[in-house]
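In UniProt numbering, the protein residues as written are 1 to 245.
We put the beta carbon where it would ideally sit given N, CA and C, even for glycine.
These figures come from a predicted structure and were not determined experimentally.
Worksheet: the structure to be examined is printed underneath.
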């Protein structure tokens with residue numbers, strides 16, 4: 001199989017190339033590109049079975065590069081040092097990604113999966129593009145006294161009932177007091193992303209769950225450090241959900 005490594009950092013490209021050469025004998029050709037523009041130039045002249053794609057790159061990121069690639073049988077393996085919100089959705093869809101520093105066993109597993117995909121026609125690249133677009137567009141209009149504020153799903157950590165209002169906690173530390181009650185948000189928010197743990201709480205299970213604690217009762221540990229109570233009747237469903245992550 002032929003592979004292309006796209007990463008703006010030379011050290012990362014060389015390191016991944018070395019590891020692939022040592023531990024992935026099924027890959028017989030390894031090319032490199034230091035930018036999305038260089039990658040497009042490569043694809044205009046050649047082809048690849050596997051694309052190792054960094055997300056964070058200057059000028060044009062990995063997701064933007066994918067939009068300009070038309071090879072339907074290309075297997076994409078994302079590489080990143082950042083636990084991006086989009087990567088969580090990608091992982092949930094069983095699309096491979098490797099966190100830096102690269103783990104050899106994870107790399108070998110990802111390459112084996114890519115080898116299986118390469119043997120049969122598939123539309124995985126289009127599915128990845130659609131997933132990225134869908135994830136990037138996940139937003140909600142928050143009714144405020146003064147009007148509406150548009151917030152992306154990944155920016156919401158959790159929601160808390162405040163009498164007939166709802167307090168919404170954001171990743172930047174900001175809090176929004178919405179004029180709608182929490183039941184409105186339970187019905188409106190995507191249940192694949194959010195989970196109501198308690199009559200007074202909804203958490204962002206897809207992007208901001210950090211752990212589970214039994215200290216002082218069952219609670220979900222969020223990315224902002226808050227511990228959100230989990231009602232007894234909700235506990236097993238919660239545990240099943242995080243076990244599938």
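request  = Could you please give the first and the last residue of the uninterrupted beta strand (DSSP E) stretch that includes residue 232?
outcome  = Counting along the chain, residue 232 falls outside any beta strand (DSSP E), though it belongs to the alpha helix (DSSP H) covering 232-243.
Proximity winner among 116, 201, 222, 63, relative to residue 128 (alpha-carbon distances) = 63
task = Select from 41, 9, 52 the residue whose C-alpha is nearest the C-alpha of residue 27.
result = 52
query = By how many angstroms is the C-alpha of residue 237 removed from the C-alpha of residue 40?
reply = 45 Å
task = Mind the definition here: the segment 140-152 touches the segment 169-187 only if three or more C-beta pairs lie below 8 Å; say whether that holds.
result = yes
Top-ranked residue by Cα proximity to residue 221, from 204, 234, 232, 233 = 204
request  = Excluding the 5 residues preceding and the 5 following residue 29 in the sequence, name in chain order all residues of the same chain whose CB lies nearer than 6 Å to its CB.
outcome  = 2
message = Among 47, 226, 96, whose alpha-carbon lies nearest the alpha-carbon of residue 158?
response = 226
inquiry  = Tell me the residue span of the alpha helix (DSSP H) that contains residue 31.
reply    = Premise fails: residue 31 lies in the beta strand (DSSP E), 29-33, not in any alpha helix (DSSP H).
request  = Would you tell me roughly how many angstroms separate the C-alpha atoms of residue 218 and residue 208, rounded to the nearest one?
outcome  = 17 Å
ask   = Buried or exposed: where does residue 235 fall if 16 or more other Cβ atoms within 10 Å of its Cβ makes it buried?
value = exposed
message = Measuring straight from C-alpha to C-alpha, what distance separates residue 93 and residue 11?
response = Low confidence applies here, because residue 93 scores a pLDDT of 47, under 50, leaving its location unreliable; read the following figure in that light. Approximately 30 Å between the Cα atoms of the pair.
request  = Please state whether DSSP places residue 114 in a helix, a strand or coil.
outcome  = helix
query = Between which two residues does the beta strand (DSSP E) harbouring residue 150 extend?
reply = 147-152
request  = Please confirm whether residue 6 and residue 35 have their CB atoms less than 9 Å apart.
outcome  = yes
request  = With DSSP collapsed to three states, give me the class of residue 193.
outcome  = coil
ask   = Does the Cβ of residue 148 have 16 or more other Cβ atoms within 10 Å, making it buried, or fewer, making it exposed?
value = exposed
message = Going by DSSP in three states, residue 267 sits in which element: helix, strand or coil?
response = Given that the chain is displayed from residue 1 to residue 245, the structure contains no residue 267 and the question cannot be resolved.
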